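Taking it in order: structure first as structure tokens, then the write-up.
Below, the structure written as structure tokens:
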């Protein structure tokens, strides 16, 4: 059994899966950094199983996702959940912030801005995307 836990403190039977665009150098770089620090299984869009794909939203290719045994987190919330799993000390502060609509709006807005500028970010930090190997 994995030691991974969600914000409610429940244990996941399986390692959380970080679902990302494996045809994007910046996205691949981000996934690699998350794997260095946290306990995740990285799954590129091109590697999704039918069961994993069925759990994702219809527009899944527009953002990253974190799949746990009992939840699917997308976009900014997926990054937030991954960060809390990598740095558990953030959990208390993030739990409080989640109570505020403004925080959730800013979180998602920042995620969307970053995702919409992946080409630019990829000029700064990048890794060879698995889908291009």
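Numbering (my numbering), first residue to last: 878 to 1010. Where a beta carbon is used, it is the ideal one built from N, C-alpha and C, also for glycine. Computed from a predicted model, the values in this text were never measured in an experiment.
Host beta strand (DSSP E) of residue i (start-end)
i, result
"residue 949", "949-951"
"residue 921", "918-921"
"residue 894", "894-897"
Opening and closing residue of the alpha helix (DSSP H) in which residue i lies
i, result
"residue 974", "968-974"
"residue 905", "902-914"
"residue 931", "927-932"
"residue 924", "That residue, residue 924, is in no alpha helix (DSSP H); it is neither H nor E in DSSP."
"residue 935", "Run containing residue 935: none; DSSP gives neither H nor E here."
"residue 992", "978-993"
Identified DSSP bridge partners for residue i
i, result
"residue 942", "896 and 951"
Cβ distance (whole Å) where residue i is taken to contact residue j below 8 Å
i, j, result
"residue 931", "residue 963", "Their Cβ separation, rounded to whole angstroms, is 27 Å, which puts residue 931 and residue 963 out of contact at 8 Å."
"residue 1036", "residue 1007", "Nothing about residue 1036 can be reported from this structure: the residues present for the chain run from 878 to 1010 only."
"residue 892", "residue 924", "About 15 Å; that fails the 8 Å criterion."
"residue 971", "residue 961", "5 Å"
**Study point:** the segment 892-900 / the segment 936-946 touching (three or more Cβ pairs under 8 Å)
**Key:** Between the segment 892-900 and the segment 936-946, the count of Cβ pairs shorter than 8 Å is three or higher; the stretches touch.
Review point. Okay, do the segment 946-955 and the segment 970-988 touch, 3+ Cβ pairs below 8 Å being the bar?
Key: Yes, they touch.
Practice item. Evaluate the contact criterion for the segment 986-1005 versus the segment 903-912: three or more CB pairs, one atom per stretch, below 8 Å. Key: The segment 986-1005, when compared against the segment 903-912, does touch it at the 8 Å Cβ threshold.
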